[in-house]
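Mapping the sequence shown onto this note's numbering, position 194 (from 1) lands on 194, and the numbers just tick up by one.
Don't be surprised by glycine CBs; every beta carbon is placed ideally from N, CA and C.
Being a predicted model, the structure only gives us computed values, none of them experimental.
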Amino acid sequence: MSDTTSTDPGQTKAKDKGQFSPFAGCSIFIIAGVLAASMIGFTFWIGTRVESTIEGFTTEKPKTIEQTDLQGKETDQVALKSKLVAFRHKMEAQKKGEMTLSAEEMNLAIATFDILKPHRGNLHVTEITDNGISAQISNPINSKMSNILSKDKSYRYLNGTILIQPELVEGAVFPRITTIKPEAGGSVPEEFMQQISKTLLLPFKDDKEVGPIFNRISSVEIQGNTLLLKTDPEHEVSGAPPTDTQPMIERLMKGFAVVAVIFLAIVTAIIILSRRKASQTQS
C-alpha cells in the first residue's frame, strides 16, 4: 500500500497567488537602476556646466597682487589702530562718531590685521571715487564639482578688477560688488558676484575686536576719496538684507539632493505597494 498525497487544485492556485511575484522585485531593481543612472547623468551634466562656466572667466594661475610693505609703516599702523579703537569707544559709549578710511588705509589694514590675512595677495584697493571702491583681485575658485566631496582642490583664479558699492544692511556694512572685469574675458554670473561680495567681510564676522565696529554702523557712504562710516545711538536699524542669491554650486547640489530624495521615495513606495499587494493576495 503506497502513500499518496492528493493536492487540491484550488489550494495550489491560492498558494501561487499568495507568493511574491519575482517580476515585481525585478521591476524595482530596474526602476532603481534607471533612476540611479539618471542621477549620475544629471550630476555629470551639472558638473560639466559649472566647470565650463568657471573656465569662461578664470585662468589657471593667480595674478600677482600688490601688497602694502609694512617696513617703515609703524607710525601709520599705530594711527590706524587708534582710529579704529576711538570709533569703537564712541559706539560703546553710545555717542555719535565717524571715521574715514582711505584706499591706503584699507590696504594697510589688510597687511596689518591677522583677520584680513585671507585677503593678502588676493585683494588690493586701487582707488575710491564717487562711482565706488575699485580694487584688483586674484580670487581662487574651486573649479571642479567633484572636489566638493574630496580633500583635493583644483583651483582656477578670477583675476581682474572689481567695483564695490558699500551699502548698509541692518546695521552692518555690506560691500556689494556691482562690476567685475575679468582679465580672461567673459562675464561673471550674478551668483559668483554675490558670493565674492559675501566673502570680502567674512573675516570680520566672528572677530571680537573689529567685528562690532562693522555691525553697529548708522551710515556708510563715499566722501571724496574716502569711505565715511558713522555711528549714531539714535539710529534705527532698517533695510532689507542683501538678496540671498545662492552660489550656483550650492543650488545645484540642493537640486541633486531633491532628486535623490524623490528617487528614494519612489523606490520605497514601490516596495511598500508590492508587499502590500502580496499580503492582500495571501489573505
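What is the DSSP secondary structure of residue i, counted as helix, strand or coil?
i, result
"Lys95", "coil"
"Asn107", "helix"
"Ala184", "coil"
"Gln280", "helix"
"Asn215", "helix"
"Phe263", "helix"
"Glu236", "coil"
"Arg275", "helix"
"Arg120", "coil"
"Thr333", "In the structure as shown, the chain starts at 1 and stops at 283, and residue 333 therefore has no counterpart that could be examined."
Measure the alpha-carbon distance for residue i versus residue j and round it to whole angstroms.
i, j, result
"Thr12", "Gly33", "For Thr12, the pLDDT reaches just 49, beneath the cut-off of 50, and the residue's location in the model is therefore unreliable, leaving the point undetermined."
"Ala93", "Gly224", "28 angstroms"
"Ala103", "Glu190", "26 angstroms"
"Ile266", "Phe57", "40 angstroms"
"Val173", "Glu221", "10 angstroms"
"Lys81", "Lys181", "33 angstroms"
"Asn159", "Pro203", "21 angstroms"
"Glu74", "Thr112", "10 angstroms"
"Glu118", "Thr199", "Here the sequence assigns Pro to residue 118, which means Glu is not the residue at that position. Cα to Cα, Pro118 sits roughly 10 angstroms from Thr199."
"Ser274", "Arg49", "39 angstroms"
"Ile115", "Lys208", "10 angstroms"
"Thr161", "Ile137", "6 angstroms"
"Ser279", "Ala269", "15 angstroms"
"Val85", "Gly132", "26 angstroms"
"Ile177", "Arg120", "19 angstroms"
"Gln195", "Ile164", "13 angstroms"
"Ala240", "Thr179", "In this predicted model, Ala240 has a pLDDT of only 48, less than 50, meaning its place in the structure is not dependable; the value taken from the coordinates is given anyway. If you take the alpha carbons of Ala240 and Thr179, they lie about 21 angstroms apart."
"Thr68", "Pro166", "22 angstroms"
"Lys83", "Ser52", "46 angstroms"
Looking at residue i and the ligand SAM, is the gap between the Cβ and the nearest heavy atom below 7 angstroms?
i, result
"Gln94", "For the ligand SAM, the structure offers nothing, since it holds no ligand at all."
So, is residue i buried or exposed, given that buried needs 16 or more other C-beta atoms within 10 angstroms?
i, result
"Val261", "exposed"
"Pro175", "buried"
"Gly186", "exposed"
"Ser38", "exposed"
"Leu70", "exposed"
"Gln105", "Here residue 105 is Glu; the residue named in the question, Gln, does not match the sequence. Answer is buried; the Cβ neighbour count reaches 16."
"Leu168", "buried"
"Val188", "buried"
"Ser218", "buried"
When the cut-off is 8 angstroms and only beta carbons count, does residue i lie next to chain B?
i, result
"Arg216", "Note that chain B does not occur in the displayed structure, where there is just one protein chain."
Verify whether the separation of the beta carbon atoms of residue i and residue j is less than 8 angstroms.
i, j, result
"Thr226", "Lys90", "no"
"Ala109", "His124", "no"
"Leu229", "Glu98", "yes"
"Arg290", "Ile40", "Limits of the chain in this structure are 1 at one end and 283 at the other, which puts residue 290 out of reach."
"Pro233", "Lys63", "no"
"Phe214", "Leu201", "yes"
"Ala184", "Thr100", "no"
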